[in-house]
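**Student:** Below: one structure in structure tokens.
Number of protein chains: 2
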Amino acid sequence: MEVANDETTTMPQPITMKGGDSPQSYAKNSILQKGVIDATKGMMIHAIADKLDMEKLCSDLFRIADFGCSIGPNTFFSMQNMIQAVEQKHRQTNHQTALEFQLFFNDHSSNDFNTLFKSLPPSWPHFVAGVPGSFHGRLFPKSSIHIGHSSNALQWLSKVPEQVVDCSSSAYNGGSIYCTGTETQVTKAFASQFENDMEIFLNARAEELVNAGLIVIIMGGIPDGISLSQTAIGKFYDLFGSCLVDLTNKGLINEEKVKSFNLPLYFPTAKELKALIERNGRLCIESIDEMSGQMKRVPTLPSTQNYISHVRAGFEGLIREHFGNEMVDEFFECYGKKHLESGFVFGENAVDNTLITVILKRI
Amino acid sequence: MEVANDETTTMPQPITMKGGDSPQSYAKNSILQKGVIDATKGMMIHAIADKLDMEKLCSDLFRIADFGCSIGPNTFFSMQNMIQAVEQKHRQTNHQTALEFQLFFNDHSSNDFNTLFKSLPPSWPHFVAGVPGSFHGRLFPKSSIHIGHSSNALQWLSKVPEQVVDCSSSAYNGGSIYCTGTETQVTKAFASQFENDMEIFLNARAEELVNAGLIVIIMGGIPDGISLSQTAIGKFYDLFGSCLVDLTNKGLINEEKVKSFNLPLYFPTAKELKALIERNGRLCIESIDEMSGQMKRVPTLPSTQNYISHVRAGFEGLIREHFGNEMVDEFFECYGKKHLESGFVFGENAVDNTLITVILKRI
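Top to bottom, those sequences are chains H and D.
Residue 1 is where the first sequence starts when you use the UniProt record's numbering, and the numbers rise one by one after that.
Residue 1 is where the second sequence starts when you use the UniProt record's numbering, and the numbers rise one by one after that.
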């Protein structure tokens, strides 16, 4: 048995949100994600009530896993919503015994599990565990999870497709930091990476779910026939990219570094996601829906400073990993200024992104 | 659902080892504990091979939990030893299917799980999870663990018995920082706390173990008829206490603070532990043994500095919690000097502590 140490860890760091519980942490800057949870709460409770087959599951123990849980507290709200739905169903089907819940919080091993564990709701009457590792792979024993959940996580790819940062490739994306959806070869490369990642994700979850177990996926998407660059999220990445260009012009970062930087993100359409799941065929689609206006559902952000902290909590790790420590403050300062100048949070001039919600069942 | 925050966390911090992977961390300073694992490896493999009833367990999935795992890497060595023993037994009983292992690492939620997860052996082909919480209580669903394990952890009490720090009590222990074993009322108070803690531990594990599941306990003890103050560990605590007195004399800490400080530790005899387990009666004793000379089995420590780092990794949290941050460096400096002057690591003038090894089965 080998024990890992600094020397053997040569893999690039996976993307995780900013740890700790400082004012800049993800834990204190995830109100957009909380908006998503609130917006989908009703749908999730209804879907579980409707689709959960208590007879087939035949268990007094429910194991629920959140894939890509990050630091909290959103993952606790999601878990609580699922528990509420299962308990409601359990009461309806007149089971006499009390249910036990074992809750698994999964994210990369570089996620701040210490903060997650310390901020667990006090006196929570459930068994909890943290599971380190990528959800692009197996994380649990066969047939051991009753309900899987993943919110705001599956749009993150396991990696940036190699072609888009290879200047000799026809899919080279030197002019942008994300998959705008306007360059066919680039879009194909990102879509293909997403397809591979989803295939791995679905195969792993199909093994892990018990018979008749459910998985609830909530993820960002785009309306059919629209490119990401036309949407609010696309406009946000454009602004983000322009700050990198500004820092290059100031001589603070190398141009090549910017050209080799791409966000490992892909936002599919609901139709595209449905086709992928059907082609995989290992999990049955119980429902797939699109919700528009996700950004408009987000409560008003209290201040520009808070909004910038929010952005920083989500992206600081990624920026730091690629460009080093020196430029991070300057980068977010530049972003803050541009954000103010443009008066842009999720402006009216952009198409709103969609929220895709999927319920899958293992049959 | 309430979400914990700094304001609601008013409980005293439980004892955890020094986190991170710095030269002062527990992860890099736990060679004494590694000595214990090496010394008991043969016993454990033999005991699992001998006592594990593969027919009754009837599962291709083995869930193993380490209670009080701390930061690593010792917990990984223990897990590996148990896996080796189970796989060996599995081969002998000619099962055709491959076994899956799900490994649970338990310690207080203030344990450094981030470091634990980051230092997991690379490419370990097992499913892992961290479980935050005190093992003096339930941590897992009913009948869900096949093998439990606890090494060097059960001598830590859930708290210092109240009477020993109450100057109006006949069990007041103002003259010492630990249960020396020479003061009857003090010893009774510590023994009673240990009895309560063991009762809670055994009841919880009895619920969590599957039918025919095993639990392996390895813990520090004392030979029958000997008081802790006569042993090497007792001498060590005496030296430790004398440094607190020195710092009081220097005016660096308040005398009352020293009088109210006691180590939440209790070292039983094997006979005493056996009686407690039998009285509890929920788990059947498959074997209980005493191993003497545990300290003499420890490989020579490379330097005094390393030895002091080792002591600090284990006790810094406890000292800091009671006395505050200001005196910590001075305290360990004082300890280092005294250690050198006395030429004492685990000298010949002290009785060696014993290592108690217990195998319990749920019937």
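Built from N, CA and C at the ideal position, the CB exists for glycine as well.
(1) Threshold first: 4 residues or longer. Then list the alpha helix (DSSP H) segments lying entirely within the segment 229 to 291 of chain H, N to C.
(2) Have a look at R297 (chain H) and Y237 (chain H) and give me their C-alpha separation to the nearest angstrom.
(3) Please report the straight-line C-alpha distance between S143 (chain D) and A313 (chain D), rounded to a whole angstrom.
(4) Nearest to L244 (chain D) by CA position, among D:G234, D:F261, D:N196, D:T231, is which residue?
(5) Determine the burial state of E183 (chain H): buried for a count of at least 16 other Cβ atoms within 10 Å of its Cβ, exposed for fewer.
(6) Evaluate L340 (chain D) with the Cβ neighbour count: other Cβ atoms within 10 Å of its Cβ, from every protein chain shown; 16 or more gives buried, anything less gives exposed.
(7) Bridge partners for K34 (chain D) per DSSP, in chain order?
(8) Say whether chain H places a C-beta atom closer than 8 Å to the C-beta of A313 (chain D).
(9) Closer than 8 Å, Cβ to any Cβ of chain H: which residues of the segment 133 to 154 of chain D, in chain order?
(10) Residue range of the beta strand (DSSP E) that G336 (chain D) falls in?
(11) Going straight from the alpha carbon of Q193 (chain D) to that of I71 (chain H), what length do you get?
(12) Taking the C-alpha atoms as reference points, what is the distance between G234 (chain H) and I200 (chain H)?
(13) Should the segment 141 to 159 of chain H be regarded as contacting the segment 208 to 215 of chain H, the criterion being three or more beta carbon pairs within less than 8 Å?
(14) Can you name, in chain order, every residue of its own chain whose Cβ lies under 6 Å from the Cβ of A191 (chain H), other than the five neighbours on each side?
(15) Nearest by alpha-carbon distance to residue 367 (chain D): which of D:Q88, D:S292, D:Q96 is it?
(16) Determine the closest residue to N211 (chain H) out of H:S59, H:A47, H:N306, H:D50, with distance taken between C-alpha atoms.
(17) Decide if the segment 128 to 137 of chain D is in contact with the segment 96 to 105 of chain D; the criterion is three or more beta carbon pairs, one per stretch, under 8 Å apart.
(18) How many whole angstroms separate the CB atoms of F140 (chain D) and F67 (chain D), which I take to be in contact at a CB cut-off of 8 Å?
(19) Which chain H residues sit within Cβ distance under 7 Å of N114 (chain D)?
(20) Please state the DSSP three-state secondary structure of E195 (chain D).
(21) Indicate the three-state DSSP secondary structure (helix, strand or coil) for M17 (chain H) in the structure shown.
(22) In the DSSP assignment, find the alpha helix (DSSP H) that holds L57 (chain H) and state where it starts and stops.
(23) Hey, is H126 (chain H) close to the ligand MN, as in C-beta under 7 Å from one of its heavy atoms?
(24) Strictly under 8 Å for the Cβ-Cβ distance: is V358 (chain H) near chain D by that measure?
(25) Counting only C-beta atoms, is residue 374 (chain H) closer than 8 Å to chain D at any point?
(26) Can you find a C-beta in chain D that's less than 8 Å from the C-beta of I37 (chain H)?
(27) Going by C-alpha distance, which of D:G336, D:K159, D:N325 is nearest Y266 (chain D)?
(28) Looking at the secondary structure, which residues open and close the beta strand (DSSP E) in which I215 (chain H) lies?
(29) Measuring only the C-alpha atoms, how far is I37 (chain H) from I45 (chain H)?
(30) Pick from D:N254, D:G281, D:L355, D:F240: whose alpha carbon is nearest that of V311 (chain D)?
(31) For the segment 80 to 95 of chain H and the segment 47 to 64 of chain H, state whether three or more C-beta atom pairs, one from each stretch, are separated by less than 8 Å.
(32) Of all the options D:M54, D:R205, D:C69, which has the alpha carbon lying nearest to the alpha carbon of K18 (chain D)?
(33) Give me, in chain order, the residues of the same chain whose beta-carbon lies closer than 6 Å to that of E316 (chain H); leave out the 5 immediate sequence neighbours on both sides.
(34) Starting from E87 (chain D) and walking both ways along the alpha helix (DSSP H), at which residues does that stretch end?
(35) Check the Cβ of S109 (chain D) against every Cβ in chain H and list those closer than 9 Å, keeping chain order.
(36) Use the C-beta contact count for T97 (chain H): other C-beta atoms within 10 angstroms, 16 or more gives buried, fewer gives exposed.
**Tutor:** Let's see:
(1) Those alpha helix (DSSP H) runs which fall completely within the segment 229 to 291 of chain H and span 4+ residues are 232 to 249, 255 to 259, 270 to 280.
(2) Your numbering for residue 297 (chain H) matches position 297 in the first sequence. Your numbering for residue 237 (chain H) matches position 237 in the first sequence. Any reading at R297 (chain H) needs caution, since the residue's pLDDT is 49, under 50, leaving its predicted position unreliable; the model's value is listed next. Cα-Cα distance, rounded: 20 Å.
(3) What you label residue 143 (chain D) is simply residue 143 of the second sequence in a count that begins at 1. What you label residue 313 (chain D) is simply residue 313 of the second sequence in a count that begins at 1. S143 (chain D) and A313 (chain D) have their alpha carbons spaced roughly 35 Å apart.
(4) The sequence position of residue 244 (chain D) within the second sequence is 244, counting from 1. Answer by Cα proximity: D:F261.
(5) One-based indexing of the first sequence puts residue 183 (chain H) at position 183. Per the 10 Å Cβ criterion, buried.
(6) Your numbering for residue 340 (chain D) matches position 340 in the second sequence. When all chains shown are included, L340 (chain D) counts as exposed.
(7) On the second sequence, residue 34 (chain D) is found 34 positions in, with the first residue counted as 1. The partner list for K34 (chain D) (beta bridge, DSSP) is empty, contrary to what the question assumes.
(8) Your numbering for residue 313 (chain D) matches position 313 in the second sequence. No, A313 (chain D) does not count as interfacial toward chain H.
(9) Answer in chain order: G133, R138, L139, F140, P141, K142, S144.
(10) Against the second sequence, residue 336 (chain D) aligns to sequence position 336. Counting along the chain, G336 (chain D) falls outside any beta strand (DSSP E), though it belongs to the alpha helix (DSSP H) covering 328 to 342.
(11) Position 193 of the second sequence holds residue 193 (chain D). Position 71 of the first sequence holds residue 71 (chain H). If you take the alpha carbons of Q193 (chain D) and I71 (chain H), they lie about 36 Å apart.
(12) As a working note, residue 234 (chain H) is residue 234 in the first sequence. As a working note, residue 200 (chain H) is residue 200 in the first sequence. Looking at the two C-alpha atoms, the distance is approximately 26 Å.
(13) In this structure the segment 141 to 159 of chain H touches the segment 208 to 215 of chain H; the number of beta carbon pairs closer than 8 Å is three or more.
(14) Working through the first sequence from its first residue, we reach residue 191 (chain H) at position 191. Closer than 6 Å at Cβ, skipping near neighbours: no residue.
(15) In the structure as shown, chain D begins at 1 and stops at 363. Residue 367 (chain D) is therefore absent and cannot be evaluated.
(16) Indexing the first sequence from 1 puts residue 211 (chain H) at position 211. Measuring from the Cα of N211 (chain H), the nearest candidate turns out to be H:S59.
(17) They touch, by the three-pair rule.
(18) For this step, residue 140 (chain D) is matched to residue 140 along the second sequence. For this step, residue 67 (chain D) is matched to residue 67 along the second sequence. A Cβ-Cβ separation of about 10 Å leaves F140 (chain D) out of contact with F67 (chain D) under the 8 Å criterion.
(19) Along the second sequence, one-based indexing puts residue 114 (chain D) at 114. Below the 7 Å Cβ cutoff, chain H contributes D112, F113, N114 as neighbours of N114 (chain D), in chain order.
(20) Residue 195 (chain D) sits at position 195 when you count from the first residue of the second sequence. E195 (chain D): helix per DSSP, three-state reduction.
(21) Here residue 17 (chain H) corresponds to residue number 17 of the first sequence, with the count starting at 1. If DSSP states are grouped into helix, strand and coil, M17 (chain H) belongs with coil.
(22) Working through the first sequence from its first residue, we reach residue 57 (chain H) at position 57. From DSSP, the alpha helix (DSSP H) with L57 (chain H) extends over 54 to 57.
(23) The ligand MN is not part of this structure, which contains no ligands at all.
(24) Within the first sequence, the letter at position 358 stands for residue 358 (chain H). Put simply, the CB of V358 (chain H) is far from chain D, with every gap to its CB atoms at 8 Å or more.
(25) The requested residue 374 (chain H) is not part of the displayed model; chain H covers only 1 to 363.
(26) Here the question's residue 37 (chain H) lines up with position 37 in the first sequence. No, I37 (chain H) does not count as interfacial toward chain D.
(27) Mapped onto the second sequence, residue 266 (chain D) falls at position 266. Here the closest residue by C-alpha is D:K159.
(28) In the first sequence, residue 215 (chain H) corresponds to position 215, counting from 1. Counted as a single uninterrupted DSSP element, the beta strand (DSSP E) harbouring I215 (chain H) occupies residues 209 to 221.
(29) Numbered from 1 along the first sequence, position 37 holds the residue referred to as residue 37 (chain H). Numbered from 1 along the first sequence, position 45 holds the residue referred to as residue 45 (chain H). Cα atoms of I37 (chain H) and I45 (chain H): separation of roughly 11 Å, rounded to the nearest angstrom.
(30) Translated into the one-based positions of the second sequence, residue 311 (chain D) becomes position 311. Taking only the C-alpha atoms, the option nearest V311 (chain D) is D:F240.
(31) Judged by pairs of C-beta atoms under 8 Å, the segment 80 to 95 of chain H touches the segment 47 to 64 of chain H, as three or more such pairs exist.
(32) Counting from one through the second sequence, the residue named residue 18 (chain D) turns up at place 18. Selected option, being the one with the closest Cα: D:C69.
(33) Residue numbering aside, residue 316 (chain H) sits at position 316 when the first sequence is read from its first letter. For E316 (chain H), where only same-chain residues beyond five positions count, the Cβ hits under 6 Å are K18.
(34) Working through the second sequence from its first residue, we reach residue 87 (chain D) at position 87. Segment 74 to 92, the alpha helix (DSSP H) holding E87 (chain D).
(35) For the purposes of this step, residue 109 (chain D) is taken as residue 109 along the second sequence, with counting starting at 1. Within 9 Å Cβ-Cβ: N114, F117, K118, L120.
(36) Residue mapping note: residue 97 (chain H) aligns to position 97 of the first sequence, counting from 1. Flag for T97 (chain H) reads exposed.
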